[in-house]
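Student: Sharing a structure below in structure tokens format, with a few things to ask.
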Amino acid sequence: MARVRSRPTISRSFLGKVLAVFLVVACLLAVASAASSAPPSPRQQTNKDSAAGGAAGSDDLICHTDVAADCYPRVFQPTNEFQRVHEDQDLPPGLHVRLNINTGLREAKINNESEELPAGLQGLPVDSGVVLVDQPEDGINVDTPRIPKGAPAYDPAGVVKDPGAHADGEGSRAAITFHESIALVKGVAVGQVASGDSNSGRNNGQIDLTAAEQSRFLDALVEIDDVAHDMYYGLKLAEDRDITRQLLCLMSGGRVGGDRGVEAAQKAAMAVASAVQNNPVALREVAASWDTYKSGECATINRQRATLGDVVFGPYDDGNGAHDDAATANRPAWIRSRLLAISGLIRDKDIMQDFLARGGLTEVLRLLVEREGDAAYDAVRQRAANLVNDNFLDVSMGADLSLWPVKAFAAAAAETSCSDGTVHAHCWDHHIQQLAKSHRKDKSHWSHGLWKGLQDITKSSSGKSEL
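Going by mature numbering (1 follows the signal peptide of the UniProt record, and there is no 0), the letters in the sequence shown line up with residues -34 to -1, 1 to 433, in that order.
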């Protein structure tokens, strides 16, 4: 009997597993197909466009956000209607561009030369003129401003305005105080302030002030000083020749004795300094009448007379020999204020020449040398050194180096010795060098800077003479 071979069978469980795998693969393929057919996100689109643009050599879109609708072409795409032009868009040439006055934005469209004008513009004249620009002649600097014919001369100080014109009332109060103080000072003679006599009475034809009147007089000088810092009031003070002459005489009052006389001289010097310091218009006004001032007489404490020219740049001693404690204590402050006023006055070239001709430099040197070692005069001597530096040696402070009389000093030095301690104008180098040596340990002492400045200006002058 023949054997019958049985056929192999496939289990149902195996077929089930194969079917499950097939279904999973089919689902994955369906998801991938759906994802590939979905539109890209704005960022993907931007990156894609950028990549495509980079491949092409330019970026076609400008996108400031991730919203695709906010992107716009890098190069403006014109149409026949006005469209907004973004600030960072490039405009091709030949477009009709306008500014929308309602939105403040630029708009552009294709330029159509045959386009009719709006009804509101019909019939208006069209200017087709040509503007010809004059070409500068040879040798003329086009950067140099042209001054119109008949224009006033340039004044670097500008227009000095009246602060009292403001409506706040502060300026008007200052004006009243200023004019009242000037009237009070003008009504008092120099000799009256100096006596210090509290008894009213006639003395050589002049009436001395009581102590109360002297106090009001000093207060008036302070008020003038406070207001004269303003350019307007400084100019008004300089325009009043009577008060200017009186203040110049009073500030030069080394011959006004007593505590009140020295105090008045100090306050008068501060008023003059306030008026002319950094106020070129006021200084010009004083300089314009300088010849009249210096030839006029100034009263002194002993009723003697001297011209202002004799005393204004004269010695800084106490003049009449008053050595009372109060006057001695106030004297350094007066000399310091007087030096400040003189430093402002000699900024004018004519007054400077008068200062040099009358030995003003010699008196400053005398003050530096003869007050050496007197602690009460340290600040005074510093101020004197500043006067020399600022006006003769330091260009950064506006000094004119050509003013220092090097040649005149050198000629005089051949006739007089400086080593004996005598103060002469040509002995500046000798005395300042000795002072610098005395203070060699204190490098901040004013004598070192002054000595260096004198050396520099002497060398500079020698070099010019050799050329």
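For every residue, glycine included, the Cβ atom is placed at its ideal position computed from N, Cα and C.
Closest to L333 by C-alpha separation, out of H62, L401 and M363, would be which residue?
Tutor: Taking only the C-alpha atoms, the option nearest L333 is L401.
Student: Is the distance from the Cβ of E329 to the Cβ of P281 below 7 Å?
Tutor: yes
Student: Please work out which residues of its chain come closer than 7 Å, Cβ to Cβ, to L433, disregarding the five sequence neighbours upstream and downstream, and give them in chain order.
Tutor: Low confidence applies here, because L433 scores a pLDDT of 29, under 50, leaving its location unreliable; read the following figure in that light. Around L433: no qualifying Cβ.
Student: Does the Cβ of V33 have 16 or more other Cβ atoms within 10 Å, making it buried, or fewer, making it exposed?
Tutor: Label assigned to V33: exposed.
Student: Mapping DSSP to helix, strand and coil, what is G20?
Tutor: The predicted model places G20 with a pLDDT of 39, which falls under 50 and marks its position as unreliable; any figure quoted below should be read in that light. Of the three classes helix, strand and coil, the one that applies to G20 here is helix, per DSSP.
Student: Helix, strand or coil, according to DSSP, for K315 in the structure here?
Tutor: helix
Student: Could you tell me how far apart the beta carbons of residue 469 and A307 are, in whole angstroms, since I believe they sit closer than 8 Å?
Tutor: One cannot answer for residue 469 here, as it falls past the ends of the chain, which runs -34 to 433.
Student: Excluding the five sequence neighbours on either side, which residues of its own chain have a C-beta within less than 6 Å of the C-beta of G219, listed in chain order?
Tutor: So the qualifying residues of the chain are A231.
Student: So what's V252 in DSSP terms, helix, strand or just coil?
Tutor: helix
Student: Look at the alpha carbon of K418 and the alpha carbon of R313, and state the distance between them as a whole number of angstroms.
Tutor: 23 Å
Student: Checking the sheet assignment: what are the DSSP bridge partners for Q399?
Tutor: Paired residues: none, contrary to the question.
Student: With a cut-off of 8 Å on the beta carbons, I'd call E251 and L201 a contact; round off their distance for me.
Tutor: For a cut-off of 8 Å, the C-beta gap from E251 to L201 is around 6 Å, short enough to register as a contact.
Student: Out of E189, V154 and D185, point me to the one whose CA is closest to C215's CA.
Tutor: V154
Student: For I67, is the classification buried or exposed, using 16 other Cβ atoms within 10 angstroms of its Cβ as the cut-off for buried?
Tutor: exposed
Student: Going by DSSP in three states, E338 sits in which element: helix, strand or coil?
Tutor: It is coil, neither helix nor strand.
Student: Can you have a look at Q421 and say buried or exposed, based on whether 16 or more other CB atoms are within 10 angstroms of its CB?
Tutor: exposed
Student: In three-state terms, what does DSSP make of D32?
Tutor: coil
Student: Shortest alpha-carbon distance to S385 belongs to which of A351, E82, D206 and V335?
Tutor: V335
Student: My output table needs one value for N286: the three-state DSSP class, helix, strand or coil.
Tutor: Note that N286 scores 42 on pLDDT, short of 50, meaning its location in the model is unreliable; the coordinates nonetheless yield the value given after this. Here N286 carries a coil assignment [DSSP, helix/strand/coil].
Student: Expressed to the nearest angstrom, what Euclidean distance is found between the alpha-carbon atoms of L347 and H411?
Tutor: Per the sequence shown, residue 347 should be read as Arg rather than Leu. Near 11 Å, if we compare the C-alpha coordinates of H411 and R347.
Student: Between the Cα of V247 and those of K127, V51, I423 and R226, spot the shortest distance and give me the residue it belongs to.
Tutor: K127
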